[in-house]
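So the sequence shown is residues 122 to 245, counted in our numbering. Here is the structure we will look at.
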Amino acid sequence: MKKIHRLKDSKDFQKVFQQGRSCANRYLVLYYRYNNEGNTYRVGFSVSKKVGNAVVRNRVKRLLREIFRLEGEAIEESIDFVVVARPLAADLTYEEMKKSLVHVLKKSGVIKKGAITKKDGADD
122 MKKIHRLKDS KDFQKVFQQG RSCANRYLVL YYRYNNEGNT YRVGFSVSKK
172 VGNAVVRNRV KRLLREIFRL EGEAIEESID FVVVARPLAA DLTYEEMKKS
222 LVHVLKKSGV IKKGAITKKD GADD
């Protein structure tokens, strides 16, 4: 994932949590906020120690980063995201994680129309 798509500053995380909206399923919570700072989306990840040890937490973040890298063109522009992984996310495979993330993205309505098909993502 390119640096331009990373949400790193603590203030930006707080803005998304406090002023944004959220959607969730049993594996992930997606917080999102429309911004006026450029024409691209930015993503931050939060994986707590409840998910597992450092190896497990980093694996979850790597999977999420890779999914955003591959599916990024389907996401509307000028949105900040924070993805919070729940403890059940530790056991997911790549395909299950992708299905879960696409599900919350569709639920939130931030995916461009017709960008991700059913075979690519979650069943609605």
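Ideal placement from N, C-alpha and C gives every residue a C-beta, glycine not left out.
(request) Sort Ser131, Asp130, Asn146, Lys136 by Cα distance to proline 208 and report the nearest one. (result) Here residue 208 corresponds to residue number 87 of the sequence shown, with the count starting at 1. Among Ser131, Asp130, Asn146, Lys136, the Cα nearest to that of proline 208 is on Asn146.
(message) Taking the beta carbon of valine 223 as the centre, do at least 16 other beta carbons fall within 10 Å, making it buried, or is it exposed?
(response) Looking up residue 223 in the sequence shown gives position 102. Looking at its Cβ environment, which holds 16 or more other Cβ atoms inside 10 Å, valine 223 is buried.
(request) State the DSSP-derived secondary structure class of arginine 154, mapped to helix, strand or coil. (result) Taking the first residue of the sequence shown as position 1, residue 154 is located at position 33. Note: arginine 154 maps to strand in three-state DSSP.
(message) Given this structure, state the Cα-to-Cα distance separating tyrosine 155 from methionine 122, to the nearest angstrom.
(response) Within the sequence shown, residue 155 is the residue found at index 34, counting from 1. Within the sequence shown, residue 122 is the residue found at index 1, counting from 1. In a straight line, the C-alpha of tyrosine 155 is about 20 Å away from that of methionine 122.
(request) Can you say whether leucine 191 is buried or exposed, counting buried as having 16 or more other CB atoms within 10 angstroms of its CB? (result) Here residue 191 refers to the residue found at position 70 when the sequence shown is read from its first residue. Exposed, since its Cβ has fewer than 16 Cβ neighbours within 10 Å.
(request) For tyrosine 215, count neighbouring Cβ atoms within 10 angstroms of its own Cβ and tell me buried if that reaches 16, exposed if not. (result) Working through the sequence shown from its first residue, we reach residue 215 at position 94. Tyrosine 215 comes out exposed.
(request) Find the nearest neighbour of valine 164 within the set Ala210, Ile200, Val177, judged by alpha-carbon distance. (result) The sequence position of residue 164 within the sequence shown is 43, counting from 1. The alpha carbon of valine 164 has as its nearest neighbour, out of Ala210, Ile200, Val177, the alpha carbon of Ile200.
(message) Buried or exposed, going by whether 16 or more other CB atoms sit within 10 Å of the CB of isoleucine 125?
(response) To locate residue 125, count along the sequence shown from 1; it is residue 4. Exposed: under 16 other Cβ atoms inside 10 Å.
(request) For leucine 128, I'd like the list of residues in its chain whose CB is within less than 8 Å of its CB, leaving aside the five on either flank, ordered along the chain. (result) Numbered from its first residue, the sequence shown carries residue 128 at position 7. Counting only Cβ-Cβ distances below 8 Å, and skipping sequence neighbours, we find Phe134, Val137, Arg163, Val164, Gly165, Asp201, Phe202, Val203.
(message) Between the alpha carbons of lysine 227 and valine 150, how many angstroms are there, rounded?
(response) Here residue 227 is taken as the residue at index 106 of the sequence shown, counted from 1. Here residue 150 is taken as the residue at index 29 of the sequence shown, counted from 1. Roughly 13 Å between the two C-alpha positions.
(request) Check whether the Cβ atoms of asparagine 160 and glutamate 198 sit closer than 8 Å, and answer yes or no. (result) Counting from one through the sequence shown, the residue named residue 160 turns up at place 39. Counting from one through the sequence shown, the residue named residue 198 turns up at place 77. Closer than 8 Å, so yes.
(message) Among Val225, Ala210, Ala195, Lys220, whose alpha-carbon lies nearest the alpha-carbon of lysine 233?
(response) Locating residue 233 in the sequence shown gives position 112, counting from the first residue. Taking only the C-alpha atoms, the option nearest lysine 233 is Ala195.
(request) Would you kindly report the start and end of the unbroken beta strand (DSSP E) that includes valine 172? (result) Along the sequence shown, read from residue 1 onward, the residue named residue 172 stands at position 51. Counting along the chain, valine 172 sits inside no beta strand (DSSP E), nor does DSSP assign it H or E at all.
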